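Number of protein chains: 2
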Amino acid sequence: MGTTQAARGNGVAVADAPEPKYWHLRTVLVRALDSEFQAGEVLPNERDLSARFGVARATLRQALDQLELEGRLVRRRGIGTLVAAPRMGVPVAETAGRDSWRIVDAGYAPAPAAVATTLGIPADEPVHAVRRLRMMHGQAIGAETLYVPDAVVPHVPAIFAKSSIADSSRARSVLRQLQRLELDGESRTVELGVAEEEQARMLERPPGTPVLVLTTRYQAQGGTAAVAVSTYRADMCRLTFGASGVVDVTPAAPAAEVRTAS
Amino acid sequence: MGTTQAARGNGVAVADAPEPKYWHLRTVLVRALDSEFQAGEVLPNERDLSARFGVARATLRQALDQLELEGRLVRRRGIGTLVAAPRMGVPVAETAGRDSWRIVDAGYAPAPAAVATTLGIPADEPVHAVRRLRMMHGQAIGAETLYVPDAVVPHVPAIFAKSSIADSSRARSVLRQLQRLELDGESRTVELGVAEEEQARMLERPPGTPVLVLTTRYQAQGGTAAVAVSTYRADMCRLTFGASGVVDVTPAAPAAEVRTAS
DNA sequence: GAGTGGTCTAGACCACACG
DNA sequence: GTGTGGTCTAGACCACTCT
């Protein structure tokens, strides 16, 4: 047994706690990031780092994966691994600033089963689906699809209503009418997810990117008038709630360029 | 080039979209989970699965990693890979049910730098740190540390105040006084993190487990009276906000046992 | 002891960005 | 072309759980 422990020896291993190498590596790197690096700096490449720490590249990558999940690093294929800027505070206000959204388009098709259930409509009933991007500091940090049943926005022009073609005119029409609605309130949920193909494309990230999934139920007249499913880049965003008046929370970003190009 | 694509051939690869094998695998598995499996069922072991799909075990594991991050699978060393139950809705109410918390202990030491800044106190000033567990369905799904400056709870008995020994009597004393405070409101943030050693231990999970980090600032008299940092298991929790009255959101859990033992 | 997931290795090749 | 991160492989051994 003692032999086993020694043989495995990860350089710091003690018989007491067989800490995985990659986790120990992460700890070392965290300390280095905190003390010796500035946001935007480029780390040595993975092959050099793994050699320096005396581990296989795959093991080093496991540590980097953790740090990327925590938003401490940004890896760019063909470029290198950079130190990330602190996460942005993203307000999820009751009436979230509408100028921070960029409309993409809107379609008219059945919603996902879970959404249809929440809306209290048949699973095969088509609804308006407005897609838009949450912009911050000039870049897309979140993608949202807003599902609105026909009955809630009865005045969408028939030109749009009958067509399933996605366009932004329909989006504006739906949003306009939704804003006029008297809402009783909103309830929200947050959970962890991964970006599927469509969202990944909108966020300009590879599929599988971890995202914070924010689901908003807009209540009106005792029921749910609309549902919004927003996916925010988990590496870049810190969602902020109910900060009445407190809007910022975001450092003025001296090294904003780190996140500028995705 | 065409040769390259064919040689790489992942079984479904088309020249158009060089989709990674592990991502394609995930898609296949998601479909299988949706249609052929019940929560709590055990999947074939990794060696069998990788052979069946004709990939290396590491590649299969990459797909399973994704599914675990999404909360679709639970992997237990020595046991196998199980289909997870749907995530629990965890209310983050203004006055979150106090009986869903289990007090662990409380200490008296300087808070992390970021917390001290928020509280507007010197980084080296000791504060009360109450640690407790969020329980649901009989299991710990979140761990919280509540930081309260001395000035906010002046009536903590001197027996506790002078000692840095962690115990639950101090915790109760601090919580009691905090409840009597008149709060102007609370602001919250949610972001993705990974469980460090201490939290991991409290949650009975390995270090590096992804967690939703919920930071609550309790406002009083124009300032921040206290700060709570809660880490919830990202694989099991869906945080719910402002669901006035709507408390549940959690299925009655016919296969609750899936999550019973961590 | 047998079976499972977790860690680690060494090496190969691919996709992408840049000069 | 060169250098970077991303994917994939085949194999080994460890830690854990159950019988």
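Protein chains in written order, with the working numbering: chain A, 1 to 262; chain B, 1 to 262. Note that the Cβ used here is the ideal one computed from N, Cα and C, for glycine as well. All values reported here derive from a predicted model rather than from experimental measurement.
Taking the beta carbon of residue i as the centre, do at least 16 other beta carbons fall within 10 Å, making it buried, or is it exposed?
{"i": "A/Val211", "result": "buried"}
{"i": "B/Gln199", "result": "buried"}
{"i": "A/Arg233", "result": "buried"}
{"i": "B/Ala7", "result": "Any answer about B/Ala7 is weak, because its pLDDT of 37 lies below 50 and its placement is not dependable; what the coordinates show is given next. When all chains shown are included, B/Ala7 counts as exposed."}
{"i": "B/Arg87", "result": "buried"}
{"i": "B/Pro207", "result": "buried"}
{"i": "B/Thr24", "result": "Reading off the sequence shown, one finds His at residue 24 of chain B, where the question assumed Thr. Buried."}
{"i": "A/Gly2", "result": "For A/Gly2, the pLDDT reaches just 33, beneath the cut-off of 50, and the residue's location in the model is therefore unreliable, leaving the point undetermined."}
{"i": "B/Ser50", "result": "buried"}
{"i": "B/Gly142", "result": "buried"}
Leaving out five residues on either side along the sequence, give the residues of the same chain with a beta carbon under 7 Å from the beta carbon of residue i.
{"i": "A/His155", "result": "Gln177"}
{"i": "B/Val174", "result": "Ala106, His128, Val130, Val148, Val153, Val156"}
{"i": "B/Arg57", "result": "Glu46, Arg47, Ser50"}
For residue i and residue j, what's the separation of their Cα atoms in angstroms?
{"i": "B/Ala195", "j": "A/Gly223", "result": "38 Å"}
{"i": "B/Val90", "j": "B/Leu239", "result": "5 Å"}
{"i": "A/Thr27", "j": "A/Met236", "result": "21 Å"}
{"i": "A/Ala123", "j": "A/Thr117", "result": "7 Å"}
{"i": "A/Ala32", "j": "A/Arg134", "result": "33 Å"}
{"i": "A/Glu182", "j": "A/Ile121", "result": "20 Å"}
{"i": "B/Asp48", "j": "B/Pro18", "result": "25 Å"}
{"i": "B/Arg201", "j": "A/Ser35", "result": "27 Å"}
{"i": "A/Ala63", "j": "A/Arg172", "result": "45 Å"}
{"i": "A/Phe37", "j": "A/Ala114", "result": "45 Å"}
{"i": "B/Gly193", "j": "B/Leu29", "result": "26 Å"}
{"i": "B/Glu301", "j": "B/Glu70", "result": "This structure leaves residue 301 of chain B out entirely; chain B is present only between 1 and 262."}
{"i": "B/Asp225", "j": "A/Val104", "result": "Here residue 225 of chain B is Ala; the residue named in the question, Asp, does not match the sequence. Those two C-alpha atoms are separated by around 42 Å."}
{"i": "A/Val83", "j": "B/Val227", "result": "28 Å"}
{"i": "A/Gly138", "j": "B/Gly138", "result": "45 Å"}
{"i": "A/Asp65", "j": "B/Asp65", "result": "12 Å"}
Please list, in chain order, all residues of the same chain as residue i whose beta carbon is under 6 Å from its beta carbon, the five residues on each side excluded.
{"i": "A/Thr81", "result": "Leu43, Leu73, Arg75"}
{"i": "B/Phe241", "result": "Val92"}
{"i": "B/Val229", "result": "Thr145, Thr215"}
{"i": "A/Gln179", "result": "none"}
Could you tell me which of the options sits nearest to residue i, measuring between CA atoms?
{"i": "A/Arg170", "options": "A/Ser35, A/Asp150, A/Ala220", "result": "A/Asp150"}
{"i": "A/Leu67", "options": "B/Ser100, B/Thr209, B/Ser50", "result": "B/Thr209"}
{"i": "A/Arg188", "options": "A/Arg201, A/Met202, A/Arg217, A/Pro18", "result": "A/Arg217"}
{"i": "A/Gly78", "options": "A/Glu46, A/Thr231, A/Leu69, A/Gly71", "result": "A/Glu46"}
{"i": "B/Thr231", "options": "B/Glu197, B/Ala225, B/Gln221", "result": "B/Glu197"}
Is the beta carbon of residue i sitting closer than 9 Å to the one on residue j?
{"i": "B/Glu186", "j": "B/Val213", "result": "no"}
{"i": "B/Gln281", "j": "B/Asp167", "result": "Limits of chain B in this structure are 1 at one end and 262 at the other, which puts residue 281 of chain B out of reach."}
{"i": "A/Leu119", "j": "A/Ala109", "result": "no"}
{"i": "B/Arg102", "j": "B/Arg132", "result": "yes"}
Excluding the 5 residues preceding and the 5 following residue i in the sequence, name in chain order all residues of the same chain whose CB lies nearer than 8 Å to its CB.
{"i": "A/Ser100", "result": "Arg134, Met135, Met136"}
{"i": "A/Arg52", "result": "Pro44"}
{"i": "A/Gln221", "result": "Asp184"}
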